[in-house]
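The block underneath contains the structure these notes are about, expressed in structure tokens.
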Amino acid sequence: MVERFRKKAKVRTIAVASRKGGVGKTFSAINIACCAANGGPNGDLPKLKVLIVDADSQQNSTYYYLKHMGAQMAGQKVLLPPNPNCPMGNIYNISDIIAGNEYMEYPTEWENIFIIPSDGRIDQLNDIATGDIKGYDDNQLNKFSSMLFDDLIADVSDEYDLIVIDTPPSKTHASQGAIAASSDCLVVANPDAFCASNAVPGTIADIQMNNSTFRNEDNQTNIIGILINKVSSLRPTSHEKDHIRKIRSQFPEFFSPNLVMCNYVAFNTEIPQKPGHFEWYKHPQAKEQMESFYNYISDKVLSDIYAEAK
Ligand SMILES: Nc1ncnc2c1ncn2[C@@H]1O[C@H](COP(=O)(O)OP(=O)(O)O)[C@@H](O)[C@H]1O
Ligand SMILES: [Mg+2]
């Protein structure tokens, strides 16, 4: 077993969020987790013990991390393999947390990374709105969801240095609950019209609404910043520039040149491909972008944890 070295610093939980699908939430979550667990993009930082929580019914992180263990695609669904740490045949996932069942993290190919996978049913949190718990309004359901994630984080907080939650697109109770329970949130966007006018302002409004509804003044979910992902090149097109400018002018405080990533950084979600092997290293600019991205995240979120580890 990997020992978690952190003793005093509070576990940090990063929710990766966007109301839009396909922008690179899973990509960012995977890369933050893999960088943290591997000692940063260059391997010269302390190796953190990381838990990934897949809160997305699309199960992309789940498939990525559990494929080698036999996770299989069946139509649109990823069938979970048995958890090797659990009694025969048992699988434990995010739905167990919702149901209040026992659960157990899965190990992954990475010694330092564990995952609570998604079985594709987390959206049932939404069905509760129209089903069993009639009469509950959105706020109460978000609160219910955030309490589930709070409980989960409290349960595992002594075990990990960092928790990364991959959230679903759109405004589901699962994403609201994950955001509300996280210490930090990374907003992911693409340089397009929908992100500039809808997804980014909507996601930031969600975080602020969660802060004012569920959290105290001194315990707010911190917005790490807005990652502008999948820019066509280091010289954005004039359309992209317009959208980036629009995002920046609305939220200058969450904008940084270190939070810009081009669309050649990954070839597909299967990155990094193997433990300790980062596919994006093949592109020199990709490596630089991943370094400044991770350094930015670790400055904002992990400095206490790294300081304590040294
Ligand atoms: N910077 C990037 N460079 C290349 N491909 C990327 C990049 N970011 C994301 N992708 C690819 O775009 C697709 C959608 O990304 P994903 O992370 O699954 O989005 P989301 O989780 O927001 O729905 C995936 O195939 C992913 O590999
Ligand atoms: Mg995803």
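Taking our numbering, the leading residue of the sequence shown gets 455, the next gets one more, and so forth. By construction, the Cβ of each residue, glycine as well, lies at the ideal position given by its N, Cα and C atoms.
**Prompt:** Starting from Val714 and walking both ways along the beta strand (DSSP E), at which residues does that stretch end?
**Reply:** If you number the sequence shown from 1, residue 714 lands on position 260. Looking at the DSSP string, the run of the beta strand (DSSP E) that includes Val714 is Val714 to Cys716.
**Prompt:** Can you tell which of Glu559, Met715 and Tyr518 has its C-alpha closest to the C-alpha of Asn539?
**Reply:** Translated into positions along the sequence shown, residue 539 becomes position 85. Of the listed residues, the one whose Cα sits closest to Asn539 is Glu559.
**Asked** Which whole-angstrom value describes the C-beta separation of Val642 and Gly497, a residue pair presumed to lie in contact below a C-beta threshold of 8 Å?
**Response** The residue labelled residue 642 in the question sits at position 188 within the sequence shown. The residue labelled residue 497 in the question sits at position 43 within the sequence shown. About 25 Å; that fails the 8 Å criterion.
**Message:** What would DSSP say about Thr467, mapped onto helix, strand or coil?
**Reply:** Numbered from its first residue, the sequence shown carries residue 467 at position 13. Reduced to three states, the DSSP call for Thr467 is strand.
**Item:** Integer-rounded CB distance, given that Thr675 should sit under 8 Å from Asn683
**Value:** Position 229 of the sequence shown, counting from 1, holds the residue named residue 683. Position 221 of the sequence shown, counting from 1, holds the residue named residue 675. That pair is no contact at about 21 Å.
**Asked** Quick one: any contact between the segment 568 to 576 and the segment 518 to 537, if contact means 3 or more CB pairs under 8 Å?
**Response** yes
**Prompt:** Do you know whose CA, among Thr626, Trp564 and Val465, lies nearest Asn451's CA?
**Reply:** Limits of the chain in this structure are 455 at one end and 764 at the other, which puts residue 451 out of reach.
**Request:** Determine the extent of the beta strand (DSSP E) in which Ile751 is found, giving its start and end residues.
**Result:** For the purposes of this step, residue 751 is taken as residue 297 along the sequence shown, with counting starting at 1. Element bounds for Ile751: not the beta strand (DSSP E) but the alpha helix (DSSP H), Pro738 to Ile751.
**Prompt:** For Cys649, which three-state DSSP category applies?
**Reply:** Here residue 649 refers to the residue found at position 195 of the sequence shown. It is helical.
**Message:** Which residues does DSSP list as the beta-bridge partners of Met527?
**Reply:** Your numbering for residue 527 matches position 73 in the sequence shown. DSSP, once it has assigned bridges, lists Val532 as partnering Met527.
**Item:** Tyr517 versus Ser637: straight-line alpha-carbon distance, rounded
**Value:** Within the sequence shown, residue 517 is the residue found at index 63, counting from 1. Within the sequence shown, residue 637 is the residue found at index 183, counting from 1. Going from the Cα of Tyr517 to the Cα of Ser637 covers about 26 Å.
**Item:** DSSP state of Tyr560 mapped onto helix, strand, coil
**Value:** Along the sequence shown, one-based indexing puts residue 560 at 106. The answer is strand: DSSP assigns Tyr560 an E or B state.
**Prompt:** If you measure from each residue's Cβ to the nearest non-hydrogen atom of ligand 2, which ones come out under 5 Å, in chain order?
**Reply:** Lys479, Thr480 and Asn514
**Prompt:** Which same chain residues, not among the five before or five after Ala653, have their C-beta less than 8 Å away from its C-beta?
**Reply:** As a first step, residue 653 must be located in the sequence shown, where it is residue number 199. Excluding positions up to five away in sequence, the list reads Ser472, Arg473, Lys474, Val477 and Ala643.
**Asked** Taking 6 Å as the cut-off, is the CB of Gly475 close to at least one heavy atom of ligand 1?
**Response** As a first step, residue 475 is located in the sequence shown; it is residue number 21 there, counting from the start. Checking the Cβ of Gly475 against ligand 1 gives yes.
**Request:** Please classify Phe568: does DSSP put it in a helix, a strand, or coil?
**Result:** Here residue 568 refers to the residue found at position 114 of the sequence shown. DSSP places Phe568 in strand when its eight states are reduced to three.
**Request:** Can you say whether Asn670 is buried or exposed, counting buried as having 16 or more other CB atoms within 10 angstroms of its CB?
**Result:** Numbered from 1 along the sequence shown, position 216 holds the residue referred to as residue 670. Per the 10 Å Cβ criterion, exposed.
**Asked** So does Val719 have its beta carbon nearer than 6 Å to some heavy atom of ligand 1?
**Response** Residue numbering aside, residue 719 sits at position 265 when the sequence shown is read from its first letter. Within the cutoff, so yes.
**Request:** Specify the secondary structure class of Cys639 as computed by DSSP and reduced to three states.
**Result:** In the sequence shown, the residue the question calls residue 639 occupies position 185. It is a strand residue.
**Asked** What residue does the beta strand (DSSP E) around Lys684 start on, and which one ends it?
**Response** By one-based count along the sequence shown, residue 684 stands at place 230. Unbroken beta strand (DSSP E) run through Lys684: Asn676 to Val685.
**Residues that Asp508 bridges to, as DSSP identifies them** = Here residue 508 is taken as the residue at index 54 of the sequence shown, counted from 1. In DSSP, Asp508 forms a bridge with Asp620.
**Message:** In the DSSP assignment, the alpha helix (DSSP H) including Arg702 goes from what residue to what residue?
**Reply:** Indexing the sequence shown from 1 puts residue 702 at position 248. Residues Ser692 to Gln704.
**Message:** Taking 6 Å as the cut-off, is the beta-carbon of Asn596 closer than that to any non-hydrogen atom of ligand 1?
**Reply:** Locating residue 596 in the sequence shown gives position 142, counting from the first residue. Asn596: no, Cβ never under 6 Å from ligand 1.
**Request:** Give the C-beta separation of Asp620 and Asp508 to the nearest angstrom, bearing in mind that I take them to be a contact with Cβ-Cβ under 8 Å.
**Result:** Taking the first residue of the sequence shown as position 1, residue 620 is located at position 166. Taking the first residue of the sequence shown as position 1, residue 508 is located at position 54. Right, the Cβ-Cβ distance comes to about 5 Å (below 8 Å), so this counts as a contact.
**Message:** Considering just the uninterrupted stretch of the alpha helix (DSSP H) at Gln662, what are its terminal residues?
**Reply:** In the sequence shown, the residue the question calls residue 662 occupies position 208. Taken as a continuous stretch (DSSP letters only), the alpha helix (DSSP H) holding Gln662 covers Val654 to Phe668.
**Prompt:** In its own chain, which residues sit with a C-beta less than 7 Å from the C-beta of Gln704, not counting the 5 before and 5 after it?
**Reply:** Residue mapping note: residue 704 aligns to position 250 of the sequence shown, counting from 1. The beta carbon of Gln704 lies closer than 7 Å to those of Pro655 in the same chain, with the five residues before and after it left out.
**Request:** Provide the residue span of the alpha helix (DSSP H) that contains Ile551, from first to last.
**Result:** Within the sequence shown, numbered from 1, the residue matching residue 551 stands at position 97. Ile548 to Ala553 is the span of the alpha helix (DSSP H), which, as asked, contains Ile551.
**Prompt:** In this structure, does DSSP put Phe709 in helix, strand or coil?
**Reply:** Position 255 of the sequence shown, counted from the first residue, corresponds to residue 709. Three-state DSSP puts Phe709 in coil, outside helix and strand.
**Asked** Is it buried or exposed for Asn722, if we count other Cβ within 10 angstroms and need 16 for buried?
**Response** For the purposes of this step, residue 722 is taken as the residue at position 268 of the sequence shown. In this prediction, Asn722 has a pLDDT of 41, which is less than 50 and means its spatial position is unreliable; what the coordinates show is noted afterwards. Exposed.
**Asked** According to DSSP, is Tyr614 helix, strand or coil?
**Response** For the purposes of this step, residue 614 is taken as the residue at position 160 of the sequence shown. The answer is coil: DSSP assigns Tyr614 none of H, G, I, E or B.
**Asked** Is Lys503 helix, strand or coil when you go by DSSP?
**Response** Numbered from 1 along the sequence shown, position 49 holds the residue referred to as residue 503. If DSSP states are grouped into helix, strand and coil, Lys503 belongs with coil.
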